[in-house]
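Before any comments, here is the structure.
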C-alpha cells in the first residue's frame with residue numbers, strides 16, 4: 341500500500357472523543373493557566389509529561405514515542421519548557437488515579453500532561469488529560485484519540501495541538517504538513533523535486549522525480565492539492581498536483597511564454613498567478629480548471645508573487661514599477677494598487693497571514709536578506725531574520741510562525757528550511773534529508 | 077585575433093564544456109565542439125559557419141547590470157554579430173536563455189530572466205532575424221554558470237545566452 345493511502349485511511353478512521361465527566365468545575369480555579377503570546381513571552385512555561393500509562397505489550401513503545409513527540413512539539417514553540425523526568429518526584433501509574441498536585445508543584449511544573457496508550461487490532465487509542473497544577477484542577481476535558489497505529493505521530497501532534505490551544509488560546513499547528521522543494525547536486529546543476537513532510541520534518545515523501553526543475557509549491561486551502569511551477573514541458577508552466585494520488589496536470593499557458601508564481605484563492609476555486617508574454621510579467625487569475633482567464637495588472641514592469649487576503653477581497657503582490665521591487669495591494673478584481681512598503685531596500689514575496697492582520701515578506705537591503713512582517717497598510721514593519729539569503733515566507737496555520745528558505749553563501753552554499761516566531765524569537769532549522777527550499781505550510785489536518 | 081588567443085579561448089571553452097550536461101549542439105553554456113585551433117577545421121571555432129564559431133568566436137552571451145535588462149554597448153556589439161551570423165546561417169534557429177544572479181527572490185528572478193531574454197530577442201529581430209526563428213526561456217537563478225557568492229560570479233550569471241538549435245522551418 342502506498343504511504344499516501346495509509347494517511348487517507350488514518351483520516352477516515354481517526355476519531356476524537358470527549359471523555360465526559362473528567363472536567364472539574366471551572367469555578368474552583370483561581371487564576372487560569374495561560375500564555376498570552378502577544379505580550380512577549382520571555383520565560384517558557386514549565387510542564388511535565390510523565391511516562392504515559394501503557395497497556396501490556398507493544399503499547400509501551402508507542403506510549404513513550406507519543407509522549408516524546410508531544411514534548412518536542414511544545415518545547416519547539418519556545419513557549420514551553422519540559423521538566424525532565426529525572427526531576428520528577430512522582431509517577432503516574434494509573435490514568436484515573438487522583439493527581440498528587442503537591443508533587444508537581446514541588447518541581448514547579450505549571451502544566452501536567454497525563455496519558456494512557458492502548459494498541460490493539462491495528463488501532464491506537466490514546467487518552468489524555470491536562471492539569472493546571474497551581475490551580476489544583478484539570479484544564480479542560482479529558483480526551484480520547486483513536487486512529488491507526490501507523491498514524492501515531494498524527495495523534496501525538498493532535499494531542500499537542502489541544503494542549504497548545506488550551507494554554508495559549510490560539511489554534512494549534514502541529515498536525516500540519518509542509519510541501520517544499522528537495523534539492524541535491526552541485527549549485528550549477530541542482531536537481532529539484534517536490535516533497536511533502538510533517539511540519540517537524542518527519543515522514544518525508546517525494547511527489548515528483550528530479551527530471552525537471554520545479555519551483556515554489558503552494559498548498560490549497562484544504563491541503564489536498566498543490567500548485568507549483570515546472571520546466572517539465574520546456575518552459576516554466578504551472579501544474580496542479582493531487583496530494584493523495586500524486587497525479588499532476590499542467591494548467592493552460594494561455595498563449596504565454598511562461599506561467600509561474602501561482603497561489604490559490606481562499607475558497608480553492610481560483611488561481612492567481614504570473615504570466616509572461618514578450619518579456620513582460622503581469623498578474624492574472626483563472627479558475628482551477630484553467631478557464632475564465634482575467635488580467636489583473638497591465639504594466640510594462642514586473643508584477644509577480646500575488647497572494648490573497650484570507651477574505652478573498654484583496655491581493656498583495658510585488659512590482660518593480662517604481663524602479664525596484666516593492667509591495668502593493670489591489671482589489672481581487674484588479675484595479676488601482678496602493679504601495680504599502682516604504683523602507684529602504686527591495687521588498688518581495690508578500691504573503692497575507694491567515695489571521696488577516698499581517699503581511700510577511702522578503703526584504704533585501706545593504707547586501708542582506710530579511711524575513712519580516714508588516715501590517716496590511718505597511719505600518720509597523722518588523723524584521724524577524726537576517727542572513728546572506730533568506731526568502732519566501734509561508735505562514736503556519738495559526739499565523740504565529742513563519743517557515744522560509746535560508747541559503748548559505750559560497751560555491752558550496754545550499755538552502756535549508758527554517759522557522760521563526762512572528763516575535764522574531766525561536767529561530768529553528770527543520771531537519772530535512774537533503775537541501776530544501778520554497779516551503780509552503782499547509783492547513784491543520786482534519 | 078591571433079591564433080594563440082583563439083587557442084586559449086578554445087581551451088577555456090572546452091574546460092567549461094565538461095560540466096555542461098546539455099545535449100544541444102554548439103550552444104548552451106560553454107559547449108564547444110572544436111577539434112583544433114588555428115587551422116580551418118570544419119565544425120571548429122575557425123569555421124565561420126559552425127555553432128562553435130558562433131558560441132566562441134562571436135560570443136553566445138551578453139551580460140547585464142544588477143536588476144537591469146538594458147543592453148550595454150558591448151552587448152549590442154556582440155548581438156549585431158549574432159544577428160549577422162543567424163541571417164547568414166538560416167539552417168539554425170535559437171533559444172535565448174535569460175538568467176539572473178542569486179541575489180534576488182526566486183519569482184522576481186524568473187521574471188527578470190524573461191525580460192533579459194526578451195531584450196536580446198527584440199534586438200536580434202530589429203537586426204533582421206525572423207521572429208519565428210527565436211524563442212526565449214527564463215531560468216531565473218536556477219542555473220548559475222559561476223558558483224561563488226561575490227560580484228565576480230554574479231556578473232557572469234546575469235546573462236542571456238543565445239543557444240542554437242536545428243531549424244530552417246521556424247521553431
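Residue numbers (the numbering used here), protein chains in the order written: chain P, 341 to 786; chain B, 77 to 247.
Backbone N, C-alpha and C define an ideal beta-carbon position, used for all residues, glycine too.
Because the structure is a prediction, the values reported are computed rather than measured.
Following the DSSP letters along the chain, one finds residue 577(P) inside the beta strand (DSSP E) bounded by residues 577-582. Distance from the CA atom of residue 429(P) to the CA atom of residue 612(P), rounded to whole angstroms, is 57 angstroms. In this structure, the beta-carbon distance from residue 213(B) to residue 574(P) falls below 9 angstroms. Look at residue 197(B): its C-beta is under 9 angstroms from a C-beta on chain P. One alpha carbon belongs to residue 747(P), the other to residue 756(P), and they sit about 6 angstroms apart. Relative to residue 553(P), the option among 172(B), 182(B) and 167(B) whose CA is nearest is 182(B). Looking at the backbone, the Cα of residue 522(P) and that of residue 528(P) are separated by about 15 angstroms.
Contact with chain B is found for residue 620(P), since one of that chain's Cβ atoms lies less than 9 angstroms from the residue's Cβ. Within 9 angstroms of the CB of residue 553(P), the CB atoms of chain B belong to 215, 218 and 219, in sequence order along the chain. Around residue 201(B), the same chain offers 207 and 210 as residues with beta carbons nearer than 8 angstroms, after the five sequence neighbours per side are excluded. Annotation: the segment 455-522 of chain P contains the following complete segments of the beta strand (DSSP E) (minimum length 3 residues), in chain order: 463-472 and 482-488. The beta carbon of residue 199(B) is closer than 8 angstroms to those of 147, 152, 155 and 159 in its chain, skipping five residues each way along the sequence. In this structure, DSSP gives residue 386(P) an extended state, which the three-state scheme calls strand.
Counting every other CB atom within 10 Å of its CB across the protein chains shown gives residue 382(P) a total below 16, marking it as exposed. The shortest CA-to-CA distance from residue 602(P) to any of 410(P), 566(P) and 403(P) is the one to 566(P).
Contact between the segment 381-395 of chain P and the segment 414-424 of chain P is present: three or more C-beta pairs spanning the two stretches fall below 8 angstroms. In the DSSP assignment, residue 622(P) falls within the beta strand (DSSP E) that extends over 620-627. Excluding five sequence positions before and after residue 480(P), the CB atoms of its chain that fall closer than 8 angstroms to its own CB belong to 363, 470, 502 and 506, given in chain order. Chain P has a Cβ within less than 9 angstroms of the Cβ of residue 179(B). Less than 9 angstroms divides the Cβ of residue 143(B) from the Cβ of residue 660(P). Under the Cβ criterion of 9 angstroms, residue 529(P) is counted among the residues facing chain B. Closest by C-alpha distance to residue 192(B), out of 126(B), 236(B), 241(B) and 116(B), is 236(B). By the beta-carbon neighbour count (other beta carbons within 10 angstroms, threshold 16), residue 230(B) is buried. With fewer than 16 other CB atoms across the displayed protein chains lying within 10 angstroms of its CB, residue 546(P) is exposed. In the three-state reduction of the DSSP assignment, residue 116(B) falls in the coil class, being assigned neither a helical nor a strand state.
Around residue 656(P), the same chain offers 647, 669, 690, 692 and 699 as residues with beta carbons nearer than 6 angstroms, after the five sequence neighbours per side are excluded. At a cut-off of 9 angstroms between beta carbons, residue 670(P) makes no contact with chain B. Of all residues in the segment 583-615 of chain P, those with a C-beta nearer than 9 angstroms to a C-beta of chain B are 597, 598, 600, 601 and 614, reading in chain order. Taking C-beta separations shorter than 6 angstroms and ignoring five residues to either side along the sequence, the partners of residue 393(P) in its chain run 435 and 456, following chain order. The continuous alpha helix (DSSP H) containing residue 149(B) extends over residues 149-164. When the beta-carbon positions are compared, residue 772(P) and residue 541(P) come within less than 9 angstroms of each other. A Cβ of chain B is located within less than 9 angstroms of the beta carbon of residue 526(P). For residue 554(P), no alpha helix (DSSP H) run applies; the uninterrupted beta strand (DSSP E) run containing it begins and ends at 554-559, by DSSP.
Among the residues facing chain B, residue 549(P) is not included, as its CB has no counterpart in that chain under 9 angstroms away. By DSSP's assignment, residue 654(P) forms a beta bridge with 671(P). Residue 785(P) counts as buried, since no fewer than 16 other beta carbons sit within 10 angstroms of its beta carbon.
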